[in-house]
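Working notes, structure below.
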Amino acid sequence: MKLFLDTANLAEIETVASWGILDGVTTNPTLLSKEGKVNPEKHLKAICKQVVGPVSMEVISTDTKGMVEEGKKFAKWAENIVVKVPMTGEGLKAVTELKKFGISTNVTLIFSANQALLAAKAGARYVSPFIGRLDENGEDGLMLISELVQIFDNYAFETEILVASVRHPRQVTEVARMGADIATLPFAVFEKLLHHPMTDLGLEKFLKDWKSTQK
Ligand code: G3P
333 MKLFLDTANL AEIETVASWG ILDGVTTNPT LLSKEGKVNP EKHLKAICKQ
383 VVGPVSMEVI STDTKGMVEE GKKFAKWAEN IVVKVPMTGE GLKAVTELKK
433 FGISTNVTLI FSANQALLAA KAGARYVSPF IGRLDENGED GLMLISELVQ
483 IFDNYAFETE ILVASVRHPR QVTEVARMGA DIATLPFAVF EKLLHHPMTD
533 LGLEKFLKDW KSTQK
């Protein structure tokens, strides 16, 4: 399973990229707003330079024409830009239109299997089901991923399942077991994948025992 970082923070991207296991980055307007007043073009270009894999940048327009114009503009910023569009009828039309220009899309704000099915049929490169927000709404985010893996396998869709709105490490294990293509994680969750208290205790003991062998 590929692992993306869900952030617009350059320091977080640098840290995870330095571990050598970063496959891509996803941003959204909320994540960009956390970086303060930034020039979106300069900021995204800086992110795209730090990351070898795809970097999602979300459109602000809600009509197809506006989304396509924004998407074409983003695509000129860097080769690894993916245009994020919302799961609406206008968004689906934008996916089809942008595909004609060879521009990859990530359909965001997906909360049902049928929404993901429509996005895949429109030709999205990625669909982003929001599992944490579903759980918070009293629904079952993991169940949605299990349904999507089955549906996409049934019809051999090339669209990749990009699990988003991840809240904790156990969800990462579960979606990997199910065969999701990608999980995009906030930095805090990424860090939790790395650590286990028994690793720290074990290392402490190894180092202590090694010292005792030295004269
Ligand atoms: O980037 C989309 C998604 O991961 C956002 O998650 O935490 O705002 O529900 P969240």
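For the numbering used here, add 332 to where a residue sits in the sequence shown, where the first one is 1. Idealized CB from N, CA, C, for every residue including glycine.
Check	Outcome
Continuous alpha helix (DSSP H) assignments of at least 4 residues falling wholly in the segment 337–385	342–350, 361–365, 372–382
Contacts around Asp395, its chain only, beta-carbon distance under 6 Å, and the 5 residues preceding and following it disregarded	Glu422
Ile477: first and last residue of the uninterrupted alpha helix (DSSP H) it sits in	473–487
One or two residues paired with Pro418 in a DSSP bridge	Thr440
Alpha carbon of Thr428 to alpha carbon of Glu536, nearest angstrom	55 Å
Pick from Thr358, Asp467, Gln382 that is closest to Glu346, judged by C-alpha positions	Gln382
Closer than 6 Å: Arg465 CB and nearest the ligand G3P heavy atom	yes
Any non-hydrogen atom of the ligand G3P within 6 Å of Asn360 CB	yes
Distance CB(Leu480)-CB(Ala445) smaller than 7 Å	yes
Proximity below 7 Å, CB of Ile514 to CB of Lys404	no
Within 7 Å, strictly: CB atoms of Ala454 and Thr491	no
Beta-carbon proximity of Arg499 to Gly470, cut-off 7 Å	no
Beta-carbon spacing of Val391, Cys380 below 7 Å	no
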